[in-house]
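Asker:
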Amino acid sequence: MKKIIVAETAGFCMGVRRAVNMVLELVEETHEPIYTIGPLIHNPQVVGLLRQRGVIPVQRLSEIQKGTVVIRSHGVSPSIRRGLEEKGLRIIDATCPRVARVHRLVEQYAEQGALIIILGDPGHSEVEGILGFAGSNARVVQGPDEIPQLPEANSVLLVAQTTQSQKKFEETAEAVKKRYCELDTERVRIINTICDSTERRQAEVSELAKEAQAFVIVGGKESANTRRLQKLVQSSGLPAYLVESEDELDFEALLNVDKVGLTAGASTPNWMIRRVYEELHRRSLMTRWFPLRVFYQLLRFIGILNFYLGLGGALLTALVGILLSDKLNPYACFANFFYIFSIHNFNVLSSPRLLEVIEPARGKFFIRHRGPLVYLSLFGLVSGAVFAFLINPWALLFYAGLSILSLLYQAQFRPQTKRGIFRFRSLMDIPASKDLFSALAWSVMIVLLPIAPGAHFSLKVWLIFALIFLMVLARSIIQDFRDLQADRLAGKETIPTLLGADRSRILIHLLLSLAVLTLIIYFLLYNSSHLPALGLATGLLWLWLCVPLFTRRAVIQGLRAELMIDFSFILAGILGLLMSIF
Numbered sequence: 002m003k004k005i006i007v008a009e010t011a012g013f014c015m016g017v018r019r020a021v022n023m024v025l026e027l028v029e030e031t032h033e034p035i036y037t038i039g040p041l042i043h044n045p046q047v048v049g050l051l052r053q054r055g056v057i058p059v060q061r062l063s064e065i066q067k068g069t070v071v072i073r074s075h076g077v078s079p080s081i082r083r084g085l086e087e088k089g090l091r092i093i094d095a096t097c098p099r100v101a102r103v104h105r106l107v108e109q110y111a112e113q114g115a116l117i118i119i120l121g122d123p124g125h126s127e128v129e130g131i132l133g134f135a136g137s138n139a140r141v142v143q144g145p146d147e148i149p150q151l152p153e154a155n156s157v158l159l160v161a162q163t164t165q166s167q168k169k170f171e172e173t174a175e176a177v178k179k180r181y182c183e184l185d186t187e188r189v190r191i192i193n194t195i196c197d198s199t200e201r202r203q204a205e206v207s208e209l210a211k212e213a214q215a216f217v218i219v220g221g222k223e224s225a226n227t228r229r230l231q232k233l234v235q236s237s238g239l240p241a242y243l244v245e246s247e248d249e250l251d252f253e254a255l256l257n258v259d260k261v262g263l264t265a266g267a268s269t270p271n272w273m274i275r276r277v278y279e280e281l282h283r284r285s286l287m288t289r290w291f292p293l294r295v296f297y298q299l300l301r302f303i304g305i306l307n308f309y310l311g312l313g314g315a316l317l318t319a320l321v322g323i324l325l326s327d328k329l330n331p332y333a334c335f336a337n338f339f340y341i342f343s344i345h346n347f348n349v350l351s352s353p354r355l356l357e358v359i360e361p362a363r364g365k366f367f368i369r370h371r372g373p374l375v376y377l378s379l380f381g382l383v384s385g386a387v388f389a390f391l392i393n394p395w396a397l398l399f400y401a402g403l404s405i406l407s408l409l410y411q412a413q414f415r416p417q418t419k420r421g422i423f424r425f426r427s428l429m430d431i432p433a434s435k436d437l438f439s440a441l442a443w444s445v446m447i448v449l450l451p452i453a454p455g456a457h458f459s460l461k462v463w464l465i466f467a468l469i470f471l472m473v474l475a476r477s478i479i480q481d482f483r484d485l486q487a488d489r490l491a492g493k494e495t496i497p498t499l500l501g502a503d504r505s506r507i508l509i510h511l512l513l514s515l516a517v518l519t520l521i522i523y524f525l526l527y528n529s530s531h532l533p534a535l536g537l538a539t540g541l542l543w544l545w546l547c548v549p550l551f552t553r554r555a556v557i558q559g560l561r562a563e564l565m566i567d568f569s570f571i572l573a574g575i576l577g578l579l580m581s582i583f
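Using the working numbering, read the sequence shown as starting at 2 and increasing by one per residue.
(1) What's the gap between the Cα of P270 and the Cα of L518?
(2) Leaving out five residues before and five after C334 in sequence, what residues of the same chain have Cβ atoms less than 6 Å from its Cβ?
(3) Measuring only the C-alpha atoms, how far is S384 from L406?
(4) Which two residues bound the contiguous alpha helix (DSSP H) that contains V462?
(5) At which residue ranges does the segment 5 to 65 contain complete alpha helix (DSSP H) runs of 4 or more residues, listed in the order of the chain?
(6) I need the DSSP call for I305, collapsed to helix, strand or coil.
(7) With three or more C-beta pairs closer than 8 Å as the rule, is the segment 208 to 222 touching the segment 248 to 263?
(8) Starting from L256, follow the alpha helix (DSSP H) in both directions and report where the run begins and ends.
(9) Pull up the distance between the alpha-carbon of F347 and that of L408, whole angstroms please.
(10) If contacts are defined as beta-carbon pairs under 8 Å, then K222 and L243 qualify, I think. What distance do you get, rounded to the angstrom?
(11) According to DSSP, simplified to helix, strand and coil, what is F568?
(12) Applying the 10 Å Cβ sphere with the 16-neighbour rule, what's the burial state of G49?
(13) Just the C-alpha distance for V445 and F583, rounded to the nearest angstrom, thanks.
(14) So, with DSSP's three-state summary, where would you put F583?
(15) On a Cα-Cα basis, can you pick out the residue from E112, D436, F470 that is closest to T495?
(16) Does DSSP put T519 in a helix, in a strand, or in coil?
(17) What does the Cβ neighbour count give for R229, buried or exposed, with the cut at 16 atoms within 10 Å?
(18) If you compare alpha carbons, which of L27, F134, I479, G76 is closest to K127?
(19) Alpha carbon to alpha carbon, what distance is there between I65 and V21?
(20) Hey, would you say C14 sits closer than 7 Å to S166, going by beta carbons?
(21) Give a yes or no on contact between the segment 336 to 344 and the segment 297 to 312, applying the rule of three or more CB pairs nearer than 8 Å.
(22) If we require 3 or more residues per run, which beta strand (DSSP E) segments fall completely within the segment 127 to 210?
(23) On the three-state DSSP scale, how would you describe A573?
(24) Pick out whichever of A210, A516, L391, V375 has its Cα sitting closest to the Cα of I6.
(25) Using the DSSP secondary-structure output, state which residues sit across from F342 in a beta bridge.
(26) Could you compute how far the alpha carbon of L474 sits from the alpha carbon of I509?
(27) Using 10 angstroms around the beta-carbon of F302, count the other beta-carbons present and answer buried if the total reaches 16, otherwise exposed.
(28) Please name the residue, chosen from R483, I323, G266, that lies closest to M565 on a Cα-to-Cα basis.
(29) Per DSSP, what kind of secondary structure is I392 in: helix, strand or coil?
(30) Can you name, in chain order, every residue of its own chain whose Cβ lies under 7 Å from the Cβ of K328, other than the five neighbours on each side?
(31) Taking L325 as the reference, give the member of A534, P98, L515 with the closest Cα.
(32) Per DSSP, what kind of secondary structure is L329 in: helix, strand or coil?
(33) Does the beta-carbon distance from V107 to V157 come in below 7 Å?
(34) Grab me the residues of I571's own chain with a C-beta within less than 7 Å of its C-beta, minus the 5 sequence neighbours each way, in chain order.
(35) Checking 7 Å against the spacing of the C-beta atoms, do F380 and L450 come in under that value?
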């Protein structure tokens, strides 16, 4: 594989995203059991994460005695809703607005005595719900071939399951007009109820099929719209492989394919698409030039173990030392390298199962090698302490105190409860604390640790402190966009999950603007022989360029995206050090 073409429309549609968000908000506000009639969406990974948070799918009303019931995006028939009401259950209606529109149309025309023709999959939950509103005078057809067998009628209405094929609907519409040609146009109503998201998804796949040589389609095997995408690709003469996860990829079949198209059904989360994309990309690199493969594996290794991030912190420490005291402190650089990579490893070790879901390469590695990685990270903290001692015994106390606080931040003190002041089992459960604490810890270690022993904290120190804080905080929020859907599903309250994507993007721009303003003030006050500060300016510019690249919903972000974002620290450090020579 030389190229992987990712469809822009891949991932959650509006209706699925709305249903998932409604359930997640419900999880936060209620103590009661939460049930869904059938799986909330046709995706086993999402259903599994929701089950861990107490959302239980059931098949029969008899399985529910009390609590809250969520009507999923496919909708239900009026009889099922009445059954829920008779049980006295709290009902949350997450029916997709597009599906609800079909319900209203069908009910309206059924009351007028029209024959209701539904183009859809017999037995599908959405179709069953539509039938409930259509009454007894309704027929489900799977295509134009079944239209001639329909009974006589004085008036007819043709609608479609919202995820149906556009081409099949048009063919069926023509067959209906032909079958009931004796009726005037007022009595033969054809209303295209296919969701516009489905239309765009199918149109994009048809367009990409002109360029790709094969397709991988990510989604649940039970998802009708996902299976339809597979059939659409196959109808164009290309092989299409439907997978629920990267473990099902058939690389033998893709061995001689140069261009692979990648798309997904409406129930597939972005992180699952990313998992498949990353595995396709990893396998494609295995066929490349040997030195390139070695370089990729090395970069992947230092990225997974957070050595890359530690290097960025060390280079920033070197630059800050030059800015504040005109000299580089190698002990402080090593202390920060070991602190940053060790603490970030402990962050991963505290929740590897979630990481395994959204980024399996790192998650599985940390689960498989948990013991050695704990010892490696402890060794890193101790090594950092040695270098802190070489700075000054006071710096060692400073380092030890912050390391203990960082470990306590991840420690679980008590069982978690749903509500109240004490609902948090650890400090890291406090909303948005990860981003804020990380930025504060980096700033303290990089700026204050090297000058900890009785130094005078001048305005210059606090300007640099603010710069590093704003830069690291902006970086953390950009990184949070990589896992936005999974964070919400798992209950992690990061800044983007709390504020939403649009407000978080505005916040990133505000933080970077404040950082630039701080840098301008620094230049105005200390413009003599401080050319190295241009390194920080370049790092800020790099981060700013990352905002539009890595905060879009459709973007596929894996380890490479993380490395690109964190390159801002390395770029700032290297360029600043080079500037110090002149």
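Beta carbons: idealized from backbone N, C-alpha and C, even for Gly.
Answerer: If we stick to the structure as given:
(1) 38 Å
(2) A315, T318, A319
(3) 17 Å
(4) 460 to 481
(5) 15 to 30, 45 to 53
(6) helix
(7) yes
(8) Premise fails: L256 is in no alpha helix (DSSP H) and is neither H nor E.
(9) 8 Å
(10) 7 Å
(11) helix
(12) By the 16-neighbour rule on beta-carbons within 10 angstroms, G49 is exposed.
(13) When rounded, the distance between both Cα atoms is 28 Å.
(14) coil
(15) D436
(16) DSSP places T519 in the helix class (H, G or I) of the three-state scheme.
(17) buried
(18) In the sequence as displayed, the identity of residue 127 is Glu instead of Lys. The shortest C-alpha separation from E127 is found at G76.
(19) 21 Å
(20) no
(21) The answer is yes - the segment 297 to 312 touches the segment 336 to 344, with three or more Cβ pairs under 8 Å.
(22) 139 to 142, 157 to 161, 189 to 191
(23) The answer is helix: DSSP assigns A573 an H, G or I state.
(24) Taking the Cα of I6 as reference, the smallest distance to any Cα among A210, A516, L391, V375 is reached at A210.
(25) Answer is none; F342 lacks a bridge partner.
(26) Between L474 and I509, the C-alpha separation is close to 8 Å.
(27) exposed
(28) Distances from the alpha-carbon of M565 to those of R483, I323, G266 put R483 closest.
(29) helix
(30) G322
(31) The candidate whose alpha carbon is nearest that of L325 is A534.
(32) coil
(33) no
(34) L312, G313, L316
(35) no
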